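**Q** This structure is in structure tokens; I'll ask about it shortly.
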Amino acid sequence: MRKPWQPQQPRNWWLRNPAYRRYMLREATALPLLLYTLLLLAGIVQFSRGEAAFATWLSWLQTPAGLLLQGIALAAALLHAVTWVALVPKILVIDSDRLRIDPRHVLRAHQLGALAGNLGLIVATLWLLWPTGGA
Amino acid sequence: MSDTIELAVTRYRPEQDTQPWEQRYTVPCSDDMSVLDALNYIKDALDPSLSHRWSCRMAICGSCGVMVNGEPKLSCKTFLRDYREAGVLEVRALDNLPVERDLVADISGVVEHIEAVKPWLIRHSEPPVDTAHSQTPAQMARYHAFSQCINCALCYAACPQFGRNPAFLGPAALTLAQRYNLDSRDEGSSERMPWLNAEEGVWSCTFVGYCSEVCPKDVDPASAINRGKVASDINYGVNLFRLLRGKGDA
Ligand code: SF4
Ligand code: FES
């Protein structure tokens with residue numbers, strides 16, 4: 458008579474293998490980004506409550522806790538972007554009788570796009586905030 | 385060299401045991417000995433009651449998969465020499481599957497998933513018998529890697545989503561669906577798309593990617609599944625369009 462043993466996935470399955478730990482780290486980058494989003498939302502709320510409230514929020518950003526949160530969020534965003542873009546050639550394969558694009562070019566295009574987007578954002582921010590003297 | 389190495393084998397004998405337990409064996413270790421050789425040595429010389437599966441001894445039949453030190457491996461393609469440092473090899477049946485006995489995992493669920501996606505050429509019209517389905521090398525290259533699967537189920541042992549939910553069609557089945565959908569001779573993708581689109585289809589995959597790392601035939605199932613997500617998206621758009629025009633699913 459058959460009596461197969463039914464294994465149960467242990468709760469800590471993801472601790473048991475480096476590949477799973479890397480995966481969980483990639484997925485966990487969502488958490489610091491959530492906190493950062495809440496931080497920005499808090500900023501908007503404080504802004505609507507007047508100058509003093511907003512100034513308090515701004516000064517909190519400079520505290521060690523504020524800087525730590527922003528640093529972790531930045532690292533998480535970078536890790537997420539780098540690992541995600543690295544996977545693109547495995548997902549977006551353009552190869553048909555009519556059109557074929559080398560996977561390396563697909564990867565490069567995404568890397569350049571990410572770089573251009575981020576640099577563009579930084580330049581646009583600096584340009585908007587630049588003290589234009591008397592403005 | 386007359387080295388020896390220790391194997392810690394997880395045993396399960398359904399007649400006597402209520403749960404798996406570990407038994408240690410000391411086996412000879414030489415540079416050319418595979419884990420399968422070690423298991424056969426145990427079976428022949430030390431303990432005939434040990435059960436394990438194998439056939440071809442050359443990474444073709446796909447029947448000898450086990451976990452070696454926590455990683456899914458073909459035991460015939462894994463060598464003792466690579467574990468000399470570790471000293472002990474922990475060998476157990478493939479993860480995420482019911483264990484029939486000792487190192488024998490029950491892969492019938494996986495086989496059912498593979499069958500479900502109709503992994504064969506589907507044609508609406510057969511060409512005359514004296515002609516062949518011609519295909520260019522470029523057309524073949526599109527699915528060739530995906531056709532190398534030997535149904536060893538290592539990717540299922542590697543997949544935490546399958547471990548969570550055995551209804552998930554899983555890496556090999558979804559890869560085979562893609563393999564036939566990408567074949568220029570095939571006309572059956574409309575019969576496979578419902579499986580890709582289903583809850584148990586490509587969308588249950590979260591791109592852990594370990595399946596592709598453990599695959600002994602470099603099939604890259606993670607890529608096949610995630611390309612399946614693109615195909616599923618396109619299929620959704622096409623079906624929406626056809627629905628608006630009062631037609632059936634593509
Ligand atoms: S995709 Fe690779 S690991 Fe999975 S069953 Fe096929 S050969 Fe084995
Ligand atoms: S014995 Fe056939 S794949 Fe290992």
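Protein chains in written order, with the numbering used here: chain A, 458 to 592; chain B, 385 to 634. All C-beta atoms in this analysis are idealised placements derived from N, C-alpha and C, irrespective of residue type, glycine included. These numbers were taken from a predicted model, which means no experiment stands behind them.
1. How would you list, in chain order, the residues of chain D whose beta-carbon sits under 9 Å from the beta-carbon of A:Y480?
2. Any C-beta of chain B within less than 8 Å: which residues of the region 465-476 of chain A qualify?
3. Using a Cβ-Cβ cutoff of 8 Å, what residues of the region 603-623 of chain B are near chain A? List them in chain order.
4. Between the alpha carbons of B:D421 and B:H436, how many angstroms are there, rounded?
5. Taking only beta carbons into account, state which residues of the region 403-417 of chain B come closer than 8 Å to chain A, listed in chain order.
6. So, do the region 556-574 of chain A and the region 619-627 of chain B have three or more beta carbon pairs nearer to each other than 8 Å?
7. Report the residue from B:C599, B:L628, B:L391 whose alpha carbon sits nearest the alpha carbon of B:R468.
8. Indicate, with yes or no, if the ligand FES has a heavy atom lying under 7 Å from the CB of B:I491.
9. Consider the Cβ of B:N453: report whether some Cβ of chain A lies at a distance smaller than 8 Å.
10. Give a yes or no on whether the C-beta atoms belonging to B:R526 and B:L566 are separated by under 8 Å.
11. How about B:P412: is its Cβ closer than 7 Å to a heavy atom in the ligand SF4?
12. Chain B beta carbons: is any one of them nearer than 8 Å to that of A:P560?
13. Less than 7 Å separating the Cβ of B:V603 from some heavy atom of the ligand SF4?
14. In this structure, what does DSSP give as the bridge partners for B:R397?
15. Counting only beta-carbon atoms, is A:G591 nearer than 8 Å to chain B?
16. Measuring CB to CB, does B:W587 end up less than 8 Å from B:A561?
17. Just checking, does the region 508-516 of chain B make contact with the region 417-432 of chain B on the three C-beta pairs under 8 Å criterion?
18. Are at least three pairs of beta-carbons, each pair with one atom in the region 470-489 of chain B and one in the region 391-406 of chain B, less than 8 Å apart?
19. Using the rule of at least 16 other Cβ atoms within 10 Å of the residue's Cβ for burial, across every protein chain shown, is A:R565 buried or exposed?
20. CA-CA distance, A:V502 and A:L482?
21. Indicate whether at least one CB of chain A lies closer than 8 Å to the CB of B:E484.
22. Whole beta strand (DSSP E) runs in the region 461-541 of chain B with 3 or more residues, listed along the chain?
23. Quick one: residues in its chain with C-beta nearer than 6 Å to the C-beta of B:N581, no 5 flanking neighbours on either side, listed in chain order?
24. Looking at the C-beta of B:Y396, does it have a partner C-beta in chain A at a distance below 8 Å?
25. Please state if the CB of B:I609 and the CB of B:L538 are separated by a distance shorter than 8 Å.
26. CB of B:T559 to nearest heavy atom of the ligand SF4: below 7 Å?
27. Pick out whichever of B:C536, B:L624, B:E455, B:Q519 has its Cα sitting closest to the Cα of A:P475.
28. In this structure, what does DSSP give as the bridge partners for B:Y409?
29. Distance cutoff 8 Å, beta carbons only. Does B:L538 sit that close to anything in chain A?
30. So, at 8 Å on beta carbons, what are the nonlocal neighbours of A:I551 in its own chain, with the 5 sequence-adjacent residues on each side left out?
31. Short check: CB of A:A533 to CB of A:T486, under 8 Å?
32. Would you say A:Y493 and A:A530 are within 8 Å of each other, going by their C-beta atoms?
33. If you measure between the beta carbons of B:Q532 and B:K601, is that distance less than 8 Å?
34. At which residues does the alpha helix (DSSP H) containing B:G585 begin and terminate?
35. According to DSSP, is B:E571 helix, strand or coil?
36. By the criterion of Cβ-Cβ separation under 8 Å, what are the contact partners of B:R548 in chain A?
**A** The short version:
1. This model lacks chain D altogether; the protein chains it does include are A and B.
2. Q466, W470, W471, R473, N474, A476
3. D604, A606, S607, N610, R611, K613, V614
4. 11 Å
5. Q403, P404
6. no
7. B:L391
8. no
9. no
10. yes
11. no
12. no
13. yes
14. Answer is none; B:R397 lacks a bridge partner.
15. Low confidence applies here, because A:G591 scores a pLDDT of 44, under 50, leaving its location unreliable and the question unanswered by this model.
16. no
17. no
18. yes
19. exposed
20. 31 Å
21. yes
22. 472-476, 483-485
23. S616
24. yes
25. no
26. yes
27. B:E455
28. B:L391
29. no
30. R557, I558, V563
31. yes
32. yes
33. yes
34. Premise fails: B:G585 is in no alpha helix (DSSP H) and is neither H nor E.
35. coil
36. Q466
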